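Asks: One structure, pasted below without further comment.
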Amino acid sequence: MHQFILKAASVGIVAVSAYLTYVGKMDFDIMVMMDMFSFVMFSQIEALSNAIHVIEVVNKTLDKLSKIENAEIIDENAKEVNLNHYDIKFSDVCFSYDKKQILNNISFDIYEGSTTAIVGPSGSGKTTICNLIARFYDVNSGSITIGGHNIKDITCDSLLKNISMVFQKVYLFNDSIKNNILFGNPSASDEEIIEASKKAHCHDFISKLPNGYDTIIGDAGATLSGGEKQRISIARAILKDAPIVILDEATASIDPENEHLIQKAISSLTKGKTVIVIAHRLATIQDSDQILVIDNGRVVQQGTHRELVSQAGTYKRFIDIKESAEGWCIK
Ligand SMILES: Nc1ncnc2c1ncn2[C@@H]1O[C@H](COP(=O)(O)OP(=O)(O)OP(=O)(O)O)[C@@H](O)[C@H]1O
Ligand SMILES: [Mg+2]
239 MHQFILKAAS VGIVAVSAYL TYVGKMDFDI MVMMDMFSFV MFSQIEALSN
289 AIHVIEVVNK TLDKLSKIEN AEIIDENAKE VNLNHYDIKF SDVCFSYDKK
339 QILNNISFDI YEGSTTAIVG PSGSGKTTIC NLIARFYDVN SGSITIGGHN
389 IKDITCDSLL KNISMVFQKV YLFNDSIKNN ILFGNPSASD EEIIEASKKA
439 HCHDFISKLP NGYDTIIGDA GATLSGGEKQ RISIARAILK DAPIVILDEA
489 TASIDPENEH LIQKAISSLT KGKTVIVIAH RLATIQDSDQ ILVIDNGRVV
539 QQGTHRELVS QAGTYKRFID IKESAEGWCI K
């Protein structure tokens, strides 16, 4: 905008001086001087305003850097702990991102080796619960324990090495497919990477790419489908082989072939693990050991599909809508 004002002002001076010369109120040589003067002056002002703009950007970046540098280290007083079991317990957890309370007195238990499906309307707090398990945020009150340890008392490293997360939105780096998978376990061998990729049903399409596992995702990004990218992210999680798997099931429609392969990949990932899944598919919900129905930041119902479907309530209404949408009939 300021560039435009400067240019408009210099064009204005040229136009006015030309007019004054035309009507005989200014000498021709003064007009030429005036125009040259305006060009020189405005180009200097423009350079100055550009420099000020650059300084502003640098200042803002430095501010951000110092914020990162001065960020509180959340696990300063925490201990390196090797968890020896993986039961997860929420006790009266309250949480807000800012002022608005998002989770209200949430309590539940997840037993090691079981699958818990979290269901509920959009914005009810499902992703927030998963974020708290991985300690992306700290609870305001109440506690979360894993294997009997309050997650605030153990280092982020000792917590996160036990958790694999597969998000709805796939996070891949602008790097080779191999390095993207390797991120799950940087010390893995090539054989282990291939084994994980086979389990995630992505080995076949990766091998067919001209550069195979060395294909740079950024370059091939356009040619990899959403389902293929999702399977690469699952291969990464399989390679990590963490005992706790947190999964945000995709809501976006993926073609049936990819959907089928993704389901197989997820079965390999979750086999024998403690699984928390934000579930959208009826099959996932029905097969889980426990369902938590979240509404407005509270656990409004809890139990197995069989138990919950026989009660009037949020779950029954939710399932009725799903059934008609998916054309299913559950007995
Ligand atoms: N980083 C954030 N900062 C502030 N508010 C947030 C943030 N993330 C989520 N929220 C708010 O918290 C509430 C719960 O969000 P959450 O993402 O947990 O819902 P959800 O149940 O996972 O919804 P969906 O089914 O749409 O994924 C929403 O009102 C949302 O707007
Ligand atoms: Mg969510």
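Residue numbers (our numbering): 239 to 569. Glycine residues also receive a C-beta, built at the ideal position from the N, C-alpha and C atoms. Keep in mind it's a predicted model, so treat the numbers as computed, not measured.
(1) Can you tell me the Cβ-Cβ gap for residue 535 and residue 339, rounded? I've got them flagged as a contact below 8 Å.
(2) Cα separation between residue 269 and residue 259?
(3) In the DSSP assignment, the alpha helix (DSSP H) including residue 309 goes from what residue to what residue?
(4) Can you determine whether any heavy atom of ligand 2 sits closer than 7 Å to the C-beta of residue 516, and answer yes or no?
(5) I'd like to check one pair, residue 353 with residue 508: are the Cβ atoms closer than 8 Å?
(6) If you count every other CB in all the chains shown that lies within 10 Å of the CB of residue 330, and 16 or more means buried, which is it?
(7) Need the endpoints of the alpha helix (DSSP H) that residue 368 sits in, please.
(8) Going by the C-beta, is residue 522 closer than 7 Å to any heavy atom of ligand 2?
(9) Roughly how many angstroms separate the alpha carbons of residue 471 and residue 438, rounded to a whole number?
(10) Of all residues in the structure, which have a C-beta closer than 5 Å to any heavy atom of ligand 1, taken in chain order?
(11) Using the beta-carbon count (16 or more within 10 Å), is residue 360 buried or exposed?
(12) Can you look up residue 440 in the DSSP assignment and give me helix, strand or coil?
(13) Pull up the distance between the alpha-carbon of residue 563 and that of residue 310, whole angstroms please.
(14) With distances taken Cα to Cα, identify the nearest neighbour of residue 464 among 517, 502, 435 and 410.
(15) Check whether the region 317 to 332 touches the region 370 to 388, counting contact only when three or more Cβ pairs, one atom from each stretch, lie closer than 8 Å.
(16) Got a sec? Which residues, its chain only, sit under 7 Å from residue 456 by beta carbon, not counting five neighbours each side?
(17) When we look at the beta-carbon of residue 569 and count the other beta-carbons within 10 Å, is it buried (16 or more) or exposed?
(18) Taking only three categories from DSSP, how would you classify residue 556?
(19) Let me check one thing: in DSSP terms, what residues is residue 403 bridge-paired to?
(20) Any heavy atom of ligand 2 inside 7 Å of the beta-carbon of residue 533?
(21) Give the secondary structure of residue 327 by DSSP, where H, G and I count as helix, E and B as strand, and everything else as coil.
(22) If we count the other Cβ atoms within 10 Å of its Cβ and call it buried at 16 or more, is residue 429 buried or exposed?
(23) In terms of residue numbering, what span does the alpha helix (DSSP H) encompassing residue 544 cover?
(24) Roughly how many angstroms lie between the CA atoms of residue 533 and residue 541, to the nearest whole one?
(25) Can you tell me which of the three DSSP states residue 569 falls into?
(26) Rounding to the nearest angstrom, what Cα-Cα distance links residue 557 and residue 520 in this structure?
(27) For residue 372, I'd like the list of residues in its chain whose CB is within less than 6 Å of its CB, leaving aside the five on either flank, ordered along the chain.
(28) Applying the 10 Å Cβ sphere with the 16-neighbour rule, what's the burial state of residue 549?
(29) If I'm right that residue 324 touches residue 385 with Cβ under 8 Å, what's the distance once you round it to whole angstroms?
(30) Out of 395, 327, 498 and 545, state which residue places its alpha-carbon closest to the alpha-carbon of residue 514.
(31) With which residues is residue 333 paired in a DSSP beta bridge?
Replies: According to the structure shown:
(1) For a cut-off of 8 Å, the C-beta gap from residue 535 to residue 339 is around 7 Å, short enough to register as a contact.
(2) Residue 269 and residue 259: Cα-Cα distance of roughly 7 Å.
(3) Bounds of any alpha helix (DSSP H) do not take in residue 309, whose DSSP letter is neither H nor E.
(4) Taking the Cβ of residue 516 as the reference point, at least one heavy atom of ligand 2 falls within a distance shorter than 7 Å.
(5) Yes, these two residues count as a Cβ contact at 8 Å.
(6) By the beta-carbon neighbour count (other beta carbons within 10 angstroms, threshold 16), residue 330 is exposed.
(7) Membership of residue 368 in the alpha helix (DSSP H) is indicated by the continuous run 364 to 371.
(8) For ligand 2, not one heavy atom lies less than 7 Å from the Cβ of residue 522.
(9) When only Cα atoms are considered, residue 471 and residue 438 end up about 9 Å apart.
(10) Contact residues of ligand 1 (beta-carbon closer than 5 Å to any heavy atom; chain order) are 335, 340, 360, 361, 362, 363, 364, 365 and 366.
(11) It counts as exposed.
(12) The three-state reading of DSSP puts residue 440 in coil, since its state is none of H, G, I, E or B.
(13) In a straight line, the C-alpha of residue 563 is about 46 Å away from that of residue 310.
(14) The candidate whose alpha carbon is nearest that of residue 464 is 410.
(15) Verdict: yes, contact present.
(16) Within the same chain, residue 456 has close Cβ partners 412.
(17) Low confidence applies to residue 569: its pLDDT is 45, below 50, so where it sits in the model is not reliable, and the reading given next is rough at best. Counting the other CB atoms within 10 Å of its CB gives residue 569 a total below 16, which places it among the exposed residues.
(18) DSSP places residue 556 in helix when its eight states are reduced to three.
(19) Within the DSSP bridge table, the entry for residue 403 names 484 as partners.
(20) No; taking the cut-off as 7 Å, the Cβ of residue 533 has no heavy atom of ligand 2 nearer than that.
(21) Shown here, residue 327 sits in a strand according to DSSP, grouped into three states.
(22) Counting C-beta atoms within 10 angstroms of its own C-beta, residue 429 has fewer than 16 neighbours from the protein chains shown and is therefore classed as exposed.
(23) In the DSSP assignment, residue 544 falls within the unbroken alpha helix (DSSP H) covering 543 to 547.
(24) Each residue's alpha carbon lies about 15 Å from the other.
(25) In this prediction, residue 569 scores a pLDDT of 45, lower than 50, which makes its location untrustworthy; the coordinate-derived value is nonetheless stated afterwards. Coil.
(26) C-alpha of residue 557 to C-alpha of residue 520: approximately 8 Å in a straight line.
(27) Hits under 6 Å: 401.
(28) Burial check for residue 549: the Cβ neighbour count within 10 Å stays below 16, so the residue is exposed.
(29) So it is a contact: roughly 6 Å between Cβ atoms.
(30) Taking the Cα of residue 514 as reference, the smallest distance to any Cα among 395, 327, 498 and 545 is reached at 327.
(31) Residue 333 pairs with 341.
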